[in-house]
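Please read the structure below before turning to the comments.
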Amino acid sequence: MINRILLRIKVIQILFSYYKSNSKDVNDAKNELTISLDKTYELYMLLLRLAVEVSDYAKTRKESIAKRCQMAGDANFDSGEKIPADFLAENKVAQQLAENETLNKFLEEHKLSWNKHPEIINSLYAEALSSQAYETAEASEHDYDCDRRFLRGFYKSVVTSNKMLTEELEGMSIYWNDDTETVISFIMKTIARYEETTPNDYELMPKFSDPTDETFALTLLTKVIYNQTEYDELIMTHIKNWDKDRIAFMDKIILQTAIAELFAFPHIPIVVTLNEYVELSKYYSTPRSSTFINGVLDAIVKDLKEQNKLTKVAVITPKTR
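The sequence shown begins at 825 in the working numbering and counts up by one.
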């Protein structure tokens, strides 16, 4: 689940904290990175459970409204409350997630639940009823595909924008501040893979997209820390028309990490590394950072190539017969 893009972000965040704390213990940084990655996966599982909680709550509200109508002796009794449609109250994908063995086991082992946060479930339910996803589903034929599409729309438009949820997640873990949007994109992919025949023992997304990804992140982190002085000298040598004393702290970290990746991972194409870190700078540093970082990295790569100090292994794709 956790891909290279998110891993790079995590490494940069840990480096920022590591430098600010003036720590000298590399193991502290490595432990923090490992915890941060674990917490991201916990968030994936916890947010996935929201589909079950909101659907169950909708079913409870539907039954409550029906009971009030029955007590009033009038099927058309106006309860003053919107009756949730079946694609919410009886959502088949949510029902499958409720029985998913991997999800239930993980939540139990890590003691994760929404039991103490009924106000969040209530808020998400209310927003779901007035969402575009709900309106679209209402106009569609109710079948399994409708349930699946609604649930994906619910995460995309309701969960991502719910302020109460965002504030609560920030309070629950400092590691979740920037993870929600990315994690929800993985949840939407998970839901898209569900079919009516999907069994209860269906394996959800693993923690890492590739078995080597955790090693990639830890190696990248340690390379930056061990070679910080060398990388800083390389950066300063290639800064032109910029005030060296006014380089943003985050820009320096992004450059250090990009240089570490250029040296440590010969199988990653140069253009991939450059593009990834320039893109990261647009979200995690100053408005001028992307132009600055792009220029400095281009100059560094050019010089390293001329000095034969940058070795890259060509990735050969087998031809299809």
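Note that beta-carbon positions come from the ideal geometry of N, C-alpha and C, so glycine has one too.
Per DSSP, the continuous alpha helix (DSSP H) segment holding T990 begins and ends at 987–996. The alpha-carbon of C893 is positioned some 21 Å away from that of F911. The alpha carbon of E1005 has as its nearest neighbour, out of K1013, M1029, K980, N1024, the alpha carbon of K980. Bridge pairing for I826: F1032 [DSSP].
In the DSSP assignment, T1039 falls within the alpha helix (DSSP H) that extends over 1037–1050. For S879, the CB contacts under 6 Å within the same chain, skipping 5 residues up- and downstream, are N915, A918 in chain order. Under the three-pair Cβ rule at 8 Å, the segment 866–876 does not count as touching the segment 1073–1089.
Closest option to E1100, judged by alpha-carbon separation, among M825, I826, R832: R832. Excluding residues up to 5 positions away in sequence, R976, Y979, K980 lie with their Cβ nearer than 8 Å to the Cβ of M1012 in the same chain.
Taking C-alpha positions only, E1085 is separated from A961 by approximately 45 Å. As the crow flies, the alpha-carbon of S888 is around 25 Å from that of R972. Between A957 and L921, the C-beta spacing is not below 8 Å. D967 and F974 have their C-alpha atoms roughly 11 Å apart. Boundaries cannot be given for I907, as no alpha helix (DSSP H) includes it and DSSP labels it neither H nor E.
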